[in-house]
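Each residue of the sequence shown is one higher than the one before, counting from 1 in the UniProt record's numbering.
Each residue gets a CB set at the ideal place from its N, CA and C atoms; glycine is no exception.
Written below as C-alpha cells is the structure these notes are about.
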Amino acid sequence: MPLEGTDMAEFTMELNDEQKEVRDWLHGFAADVIRPAAAEWDEREETPWPVIQEAAKVGIYSLDFYAQQYFDPTGLGIPMAMEELFWGDAGIALSIVGTGLAAVGVLANGTEEQIGTWIPQMYGDANDVKVAAFCSSEPDAGSDVASMRTRAVYDEAKDEWVINGTKTWATNGGIANVHVVVAVVDPELGSKGHASFIVPPGTPGLSQGQKFKKHGIRASHTAEVILDNVRVPGSCLLGGKEKLDERLARAREKARQGGERVKNAAMATFEASRPAVGAMAVGTARAAYEVALDYATTREQFGRPIVDNQGVAFQLADMRTSIDAARLLVWRASWMAINGKPFTAAEGSMSKLFASETAKKVTAQAIQILGGNGYTREYPVERMHRDAAIYTIFEGTSEIQRLVIARTLAGVPIR
Ligand SMILES: Cc1cc2nc3c(=O)[nH]c(=O)nc-3n(C[C@H](O)[C@H](O)[C@H](O)COP(=O)(O)OP(=O)(O)OC[C@H]3O[C@@H](n4cnc5c(N)ncnc54)[C@H](O)[C@@H]3O)c2cc1C
Numbered sequence: 001m002p003l004e005g006t007d008m009a010e011f012t013m014e015l016n017d018e019q020k021e022v023r024d025w026l027h028g029f030a031a032d033v034i035r036p037a038a039a040e041w042d043e044r045e046e047t048p049w050p051v052i053q054e055a056a057k058v059g060i061y062s063l064d065f066y067a068q069q070y071f072d073p074t075g076l077g078i079p080m081a082m083e084e085l086f087w088g089d090a091g092i093a094l095s096i097v098g099t100g101l102a103a104v105g106v107l108a109n110g111t112e113e114q115i116g117t118w119i120p121q122m123y124g125d126a127n128d129v130k131v132a133a134f135c136s137s138e139p140d141a142g143s144d145v146a147s148m149r150t151r152a153v154y155d156e157a158k159d160e161w162v163i164n165g166t167k168t169w170a171t172n173g174g175i176a177n178v179h180v181v182v183a184v185v186d187p188e189l190g191s192k193g194h195a196s197f198i199v200p201p202g203t204p205g206l207s208q209g210q211k212f213k214k215h216g217i218r219a220s221h222t223a224e225v226i227l228d229n230v231r232v233p234g235s236c237l238l239g240g241k242e243k244l245d246e247r248l249a250r251a252r253e254k255a256r257q258g259g260e261r262v263k264n265a266a267m268a269t270f271e272a273s274r275p276a277v278g279a280m281a282v283g284t285a286r287a288a289y290e291v292a293l294d295y296a297t298t299r300e301q302f303g304r305p306i307v308d309n310q311g312v313a314f315q316l317a318d319m320r321t322s323i324d325a326a327r328l329l330v331w332r333a334s335w336m337a338i339n340g341k342p343f344t345a346a347e348g349s350m351s352k353l354f355a356s357e358t359a360k361k362v363t364a365q366a367i368q369i370l371g372g373n374g375y376t377r378e379y380p381v382e383r384m385h386r387d388a389a390i391y392t393i394f395e396g397t398s399e400i401q402r403l404v405i406a407r408t409l410a411g412v413p414i415r
C-alpha cells in the first residue's frame, strides 16, 4: 500500500517480455555464432569480418538495433545486450559493438544531417560491412585527456579544418570507414577547448600506425592513427561551427570569472556510458563462472565431484554473488541515466569499477577451479581472464573511477 499522499513509483527488477525475447535472441547468436568462433579469432588476432557480417545479416550489427536498445525506456536495453554478446566472447563482441562508440559520439554531438550522413557509412550493409573508430587517446594523453595535443585549425578561406597529431589505442583505428577524431581547437581552454570531427572514408593524410599485439580481446583491432595535414570540410565538425563558437565563448567567460564552479554531480556523459562497459564485464564474468560451475560439478577427485569440497563451493558462491551485485550496480546506473537522475555518488563509475574488478577476479577463480585445464587453451577460461583485464583499463582505469567517485562524494571538481 502506498503511503497516503505519495505516488507508488513503478519499479521492477525483471526484464519485460519483449526484452526477454531480445535477450534470448542475442544469447542464441552469442552461443551459436560468437562462442564457437572465439578461440580461432583470438589466435588469429584479426577482426572477425565474417562474424560481423553474420551479425549484420540478422540485424545485430546495425544502427537500428543499437538505437532501439539505447532508447529503451527502462535503460536496460544496452546492458542486457552487452552482457549477452560479451558472454559469447569479448574480443568478437567488441568488434561488433566498437562502431557504436563512434556512432554515439555522432549521435550525442552531431546535427541531424551529420547523423543521417555518417552513421550509415559507419556500418555499411550486410553485403559490405564497415566499421568506425573513435579516436581520443594519445600517447601522452590517456587518463589525462586535457593534455591532448592533436590540433585542428580552421582554414576560413576554404572552410576546411586541418588536423595534425597522433592518436593511439583506437579500436578499429586505420581499418575504419569513418573515424571520429577529438582534437584541440583552443589550447587555452584545456578539455573545454576540444571538438570532435568526422574524417570521411579515404581522406588523404590519415593512416594507421602500429597495430598492437594484445594480452586479450585479440579479435578486436587496436592501433595508432596518424593524422598528417588531414583536411576535412567545415561540415565535418560535429555540431557545426556556430555551436562550437558559442561553447568556446562560454568556456572563455567562465575561465575569466575564475574557473569552474564546484559541481556535486559527476559528468553525466561518462556516467551514462560507463555502465555499458560494466555490463560487458558482467558478461565475461558470467561466462567464466558458468564454465567453472559446470566443471566443478562434473570433475571428480577423491571419489566425489570437486564442488563437494567447501573450498571450491565457497569460491563459486562468492563468484556468483559478485556477478549479481555487479549487474545490479550496472542496472541501477543505466536506469538513472535514462531517467535523467543526477549521479551524485558517481553511480555510473561505481558500476564500471565494481563490475570490471569482479570480472578480473572471477575469471582468475575460474582458472583455479579448472586446475591444469584452466591454464590451457583447451578451455575458454584462460582467454576470458586475459580478456577481462581490459575492463579495468579502458573507458577510464579503476584508479580514475575511484578518483571520480571520491571527488564526487567530496564535492570537489573532478579535474
Ligand atoms: C584495447 C584497448 C582499446 C582501447 N580503445 C580505445 C578507443 O577506441 N578510443 C580511445 O580513444 N581510446 C581507447 N583506449 C584507450 C584507453 O581508454 C586508455 O588506455 C585509458 O584511458 C588509460 O590511458 P593510458 O593507457 O594512457 O594509461 P595512463 O593514463 O598512463 O595510466 C597508467 C596508470 O596510471 C594510473 N593513473 C593515471 N593517472 C592517475 C591518477 N590521477 N591517480 C591514480 N592513478 C592514475 C592509471 O590508473 C594506470 O594504472 C583503448 C585502450 C585499450 C588498451
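query                                                                                                    : result
DSSP three-state assignment for glutamate 160, whether helix, strand or coil                             : strand
When Val182, Leu63, Asn127 are compared against asparagine 164, the one with the closest alpha-carbon    : Val182
Cβ separation of arginine 274 and glycine 348, assumed to be a contact under 8 Å, to the nearest whole Å : 4 Å
8 Å Cβ cutoff met for serine 351 and alanine 333                                                         : yes
Range covered by the beta strand (DSSP E) that runs through tyrosine 154                                 : 151-155
8 Å CB neighbourhood of threonine 222 in its chain, flanking five on each side removed                   : Trp169, Ala170, Thr171, Gly173, Lys211, Phe212, Lys214
Distance between lysine 158 and alanine 281 (C-alpha atoms, nearest Å)                                   : 46 Å
Beta-carbon proximity list for valine 381, same chain, < 8 Å, skipping 5 on both sides                   : Ala288, Val291, Ala292, Thr363, Ala366, Ile367, Leu370, Gly374
Inter-residue spacing [alpha-carbon to alpha-carbon] between threonine 408 and leucine 329               : 17 Å
Opposing strand residues paired with alanine 132 [DSSP bridges]                                          : Val178
As assigned by DSSP and simplified to three states, the class of valine 51                               : helix
Sufficient close CB pairs (3 or more, under 8 Å) joining the segment 242-257 to the segment 42-60        : no
Closer than 7 Å: cysteine 236 CB and nearest ligand 1 heavy atom                                         : no
C-alpha distance - lysine 263 paired with aspartate 294, whole-angstrom precision                        : Unreliable positioning characterises lysine 263 in this predicted model, as indicated by a pLDDT of 46, which lies under 50. The coordinate reading is nonetheless provided below. Answer to the nearest angstrom: the Cα atoms are 48 Å apart.
Residues bridged to glycine 165 (per DSSP)                                                               : Leu227
Cβ neighbour criterion (16 or more within 10 Å) applied to valine 307                                    : buried
Helix, strand or coil at residue 451 [DSSP, three-state]                                                 : The structure shown does not extend to residue 451, since the chain spans only 1 to 415, so no value can be given for it.
Sequence-distant residues of its chain with Cβ nearer than 6 Å to proline 139 (five each side left out)  : Thr168
Rounded C-alpha distance that separates glycine 202 from leucine 227                                     : 13 Å
Rounded straight-line distance, which links the Cα of valine 104 to that of glutamate 246                : 22 Å
Threonine 99 CB to nearest heavy atom of ligand 1 below 7 Å                                              : no
DSSP state of glycine 239 mapped onto helix, strand, coil                                                : coil
Span separating the alpha-carbon of asparagine 16 from that of proline 79                                : 14 Å
Three CB pairs or more closer than 8 Å across the segment 110-125 and the segment 182-193                : no
Reduced DSSP secondary structure (H/G/I, E/B, other) of glutamate 399                                    : helix
Backbone CA spacing between aspartate 318 and alanine 325 [nearest angstrom]                             : 10 Å
Buried versus exposed, by CB contacts within 10 Å (16 or more), glutamate 224                            : buried
Ligand 1 heavy atom lying under 7 Å from the CB of serine 136                                            : yes
Tryptophan 169 CB to nearest heavy atom of ligand 1 below 7 Å                                            : yes
Same chain, Cβ closer than 6 Å to valine 129, five either side skipped, listed in chain order            : Ile52, Gln53, Ala56
Rounded separation between arginine 261 and alanine 251 - CA only                                        : Any reading at arginine 261 must be qualified, since the residue scores a pLDDT of 46, below 50, and its modelled position is unreliable; no value is offered.
Cα-Cα separation between isoleucine 92 and arginine 304, rounded to whole angstroms                      : 37 Å
Closer than 7 Å: aspartate 186 CB and nearest ligand 1 heavy atom                                        : no
Coil, strand or helix - glutamine 208 by DSSP                                                            : strand
Status (buried if at least 16 other CB within 10 Å, exposed otherwise) for glycine 98                    : buried
Span separating the alpha-carbon of asparagine 87 from that of glutamate 242                             : Reading off the sequence, residue 87 comes out as tryptophan, not asparagine. Roughly 44 Å separates the two Cα atoms.
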